[in-house]
Amino acid sequence: MLALVGGRDFEHNQYDRALQARRPAGTAMTPFVFAAAFENGMFPGSVVEDSALDNRAVMIGGTTGILGEWGPESAENRYEGPITAREALSNSKNGATVRLGMNPGVDNVIQLCRNAGMKSPLRPYPATFLGSSEVTLAELALAYTIFPNGGWRPKLPHVLERIEEKDGTVWHAQHDYGKQNVIKPEIAYEVHSCLVDALDKGTGKAARPNFGLKKMEAAGKTGTAYDFTDVLFAGYDNAITCAVWAGFDKPQRIFRGAFGHDIALPVWVDVMNASAEHYPPKDISQPRGLERVSICAKSGLLATDKCVEKIKTSAGETEEKTTYLELVTSDQKPTEPCDVHGELHASLTRDLPPSEFPRAALAVDTNAVTPITPKGPTLLAARDPYNSVHAMVYPKPAPSPSPEAEKAVTSEEMPDPTKPVLKAIPVQPAEGEASAPISAPVPTDTVTTVVKPSGSPVEVRRAIPVARPTPQASEPEIRRANPVDEDESN
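Reading the sequence shown from the start, the letters are residues 27 to 516 in my numbering.
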């Protein structure tokens with residue numbers, strides 16, 4: 027340990043808060059959650075959901091409602107939906123961190139923290155993902171050394187190297203200067219790259235413009251505990267690692283909205299700037315087992331030329347690529363193309379009209395399903411102030427007759443089109459004659475005269491055919507009625 031400050035004044039209080047006090051690390055604990063997830067197959071480009079999380083899954087500050095989002099250290103935080111693990115860590119998204127931590131599981135995260143040097147007991151609950159368990163500041167600083175060191179840490183931190191007496195006697199301390207491997211170098215560098223983003227454009231972005239951090243490759247993470255009782259910042263360069271804590275001896279809220287980037291970060295910047303004069307920082311080299319692959323930020327899969335989204339701005343609508351280069355190992359590298367923008371699904375959706383878009387066959391023939399119509403008005407459990415319910419009662423349709431019945435009715439009502447239609451006309455026979463006149467087809471309105479023996483003419487009406495009002499290809503045949511004698515008519 028190069029420097030240690032355990033309190034304001036040792037004469038006033040000898041309690042060493044850096045070595046002895048166990049306090050919640052808050053969101054400064056999240057890098058170890060991501061390290062465990064990356065070891066379990068995820069990588070910084072993996073997509074996690076940033077949305078409201080039921081607090082019953084974490085139970086921080088209560089057992090109901092939704093989990094608070096104090097991690098981003100902003101009063102105007104908003105949920106962003108699917109985001110990459112890199113964004114979740116650099117912006118300290120609480121809900122996304124808990125969801126990602128479920129991938130390796132609580133036990134694996136706790137085991138990694140213990141291997142990193144945290145000897146304090148950690149509770150085996152998801153709340154530990156957000157730093158609800160208490161650790162010492164020295165343990166936190168030791169654990170952070172695995173990221174710049176390529177996955178290893180010193181076996182045992184110590185304060186004294188030697189003691190020189192006034193008579194010249196030198197006492198050398200016996201220490202184990204060995205190293206303990208915790209995670210793979212590739213995993214350590216992936217987390218390191220995310221913490222670089224956290225310092226440059228995440229929750230610690232005020233370090234350079236506001237507090238004057240010198241130009242160096244540094245990385246770090248803010249930490250804020252629930253209800254603003256503890257604030258921290260832990261970070262490093264390739265030479266030293268520093269952790270800062272601020273709070274009260276008796277846990278209580280510092281003030282509402284007390285964040286690590288406002289209280290602990292300025293102290294960390296002063297220490298790092300001062301140390302750069304005696305321990306000049308250098309760049310942290312990338313392991314050979316890592317490569318950069320073009321990834322779509324919306325799917326976490328291999329990017330395609332379709333990975334473009336339309337963005338609305340004040341100047342109009344513009345297109346913006348969703349691809350970027352991400353660090354992956356050979357085991358983490360995705361093998362499938364983006365399923366949000368392309369290949370097959372995106373090209374079909376974008377290029378084909380809805381009428382030509384291929385669809386799977388329905389499991390049920392909708393033509394064979396009888397629709398159900400409402401028989402009464404809709405019953406509402408409460409008022410409908412927006413008149414959103416417009417239920418209509420439709421009349422029940424009468425059942426259609428079967429084809430056989432319809433054919434029978436039609437055949438009975440319709441006459442034979444090949445036979446003439448006869449019209450009955452009354453006929454007045456002569457005296458003493460009972461037989462009816464002979465029916466003969468005559469033209470319409472044609473009158474025949476029959477001469478009786480008495481010499482007086484009698485008008486006889488016979489049955490005449492009525493032409494059917496159906497169109498015919500040729501003109502109808504017209505027959506003329508010829509007069510006949512009375513004997514012939516009988």
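All residues carry an ideal CB built from backbone N, CA and C; glycine is no exception.
Which word fits residue i, buried or exposed, when buried means at least 16 other C-beta atoms lie within 10 angstroms of its C-beta?
i              : result
tryptophan 6   : Look at the range of the chain in this structure, 27 to 516, and you will see that residue 6 is not part of it.
asparagine 207 : exposed
isoleucine 321 : buried
alanine 394    : exposed
valine 217     : buried
aspartate 471  : For aspartate 471, the predicted structure reports a pLDDT of 49, less than 50, and the residue's modelled location is therefore unreliable. A value from the coordinates is still provided. With fewer than 16 other Cβ atoms within 10 Å, it is exposed.
proline 526    : Outside the shown range of the chain, which is 27 to 516, sits residue 526, and nothing can be said about it.
asparagine 236 : exposed
alanine 462    : At alanine 462, the pLDDT of 49 sits below 50, so the modelled position is not reliable; the number obtained from the coordinates is stated separately. Alanine 462 should be labelled exposed.
arginine 104   : exposed
threonine 9    : Outside the displayed range of the chain (27 to 516) lies residue 9, so it cannot be described from this structure.
alanine 101    : exposed
leucine 186    : exposed
tryptophan 271 : buried
proline 452    : exposed
lysine 478     : The pLDDT assigned to lysine 478 is 49, lower than 50, so where the model puts this residue is not dependable; a value taken from the coordinates is nonetheless given after this. Label assigned to lysine 478: exposed.
histidine 287  : buried
glutamate 113  : buried
leucine 374    : Low confidence applies here, because leucine 374 scores a pLDDT of 49, under 50, leaving its location unreliable and the question unanswered by this model.
histidine 198  : exposed
leucine 351    : exposed
alanine 51     : buried
arginine 179   : buried
alanine 372    : In this predicted model, alanine 372 has a pLDDT of only 46, less than 50, meaning its place in the structure is not dependable; the value taken from the coordinates is given anyway. Buried, because 16 or more other Cβ atoms sit within 10 Å of the Cβ of alanine 372.
proline 150    : exposed
proline 152    : buried
proline 363    : buried
valine 196     : exposed
Assuming residue i contacts residue j (C-beta within less than 8 angstroms), just tell me the rounded distance between them.
i              : j                : result
proline 130    : alanine 214      : Contact flag wrong, Cβ pair sits at about 16 angstroms.
arginine 16    : leucine 353      : Absent from the structure is residue 16, since the part of the chain shown begins at 27 and ends at 516.
serine 116     : alanine 245      : Serine 116 to alanine 245, Cβ: 10 angstroms. No contact.
threonine 229  : proline 98       : 6 angstroms
tyrosine 262   : tyrosine 203     : In fact, because the Cβ distance is near 19 angstroms, the residues do not count as touching under 8 angstroms.
valine 295     : leucine 239      : 5 angstroms
cysteine 139   : phenylalanine 58 : 5 angstroms
threonine 56   : lysine 231       : Going by Cβ atoms, the distance from threonine 56 to lysine 231 rounds to 17 angstroms, so no, they are not a contact pair.
asparagine 264 : proline 174      : 5 angstroms
Compare the beta carbon distance of residue i and residue j with 8 angstroms and say whether it is the shorter of the two.
i              : j                : result
leucine 166    : alanine 284      : no
alanine 44     : alanine 164      : yes
valine 84      : valine 132       : no
histidine 367  : lysine 336       : no
leucine 93     : alanine 111      : no
aspartate 9    : alanine 122      : No statement about residue 9 is possible, as the shown extent of the chain runs from 27 to 516 and does not include it.
isoleucine 136 : threonine 162    : no
alanine 54     : glycine 249      : yes
alanine 290    : valine 257       : yes
tyrosine 252   : serine 158       : yes
isoleucine 266 : leucine 28       : yes
lysine 227     : lysine 205       : no
asparagine 134 : asparagine 66    : yes
proline 183    : leucine 168      : yes
glutamate 243  : aspartate 309    : yes
lysine 210     : glycine 177      : yes
glutamate 160  : arginine 234     : no
cysteine 268   : phenylalanine 60 : no
threonine 349  : leucine 316      : no
threonine 255  : arginine 282     : no
Taking 7 angstroms as the cut-off, is the beta-carbon of residue i closer than that to any non-hydrogen atom of the ligand ADP?
i          : result
lysine 276 : For the structure depicted, the ligand ADP is absent and the ligand set is empty, with no information on it obtainable.
Could you give the uninterrupted runs of the beta strand (DSSP E) lying entirely in the region 170 to 226, keeping only those of 3 residues or more?
Runs found: 178 to 180, 188 to 190, 196 to 198 and 205 to 207.
Validate contact between the region 186 to 194 and the region 88 to 98 using beta carbons, cut 8 angstroms, 3 pairs:
No contact exists between the region 186 to 194 and the region 88 to 98.
With a cut-off of 8 angstroms, do at least 3 Cβ pairs link the region 319 to 335 to the region 62 to 79?
Touching, yes, given that three or more Cβ pairs across the two stretches are closer than 8 angstroms.
In chain order, each alpha helix (DSSP H) run of at least 4 residues that lies wholly inside the region 77 to 140
Qualifying alpha helix (DSSP H) stretches, in chain order: 111 to 116 and 120 to 127.
Spell out a yes or no on whether the region 299 to 316 and the region 335 to 348 are touching, meaning 3 or more CB-CB pairs, one atom from each, closer than 8 angstroms.
The region 299 to 316 vs the region 335 to 348: no contact.
Within the region 240 to 290, note down every full beta strand (DSSP E) run reaching 3 residues or more, in order along the chain.
Scanning the region 240 to 290 from its first residue to its last, the whole beta strand (DSSP E) runs of 3-plus residues come out as 245 to 250, 256 to 262 and 267 to 273.
Complete runs of the alpha helix (DSSP H) confined to the region 41 to 70 [at least 4 residues]:
Fully enclosed alpha helix (DSSP H) runs of 4 or longer: 56 to 65.
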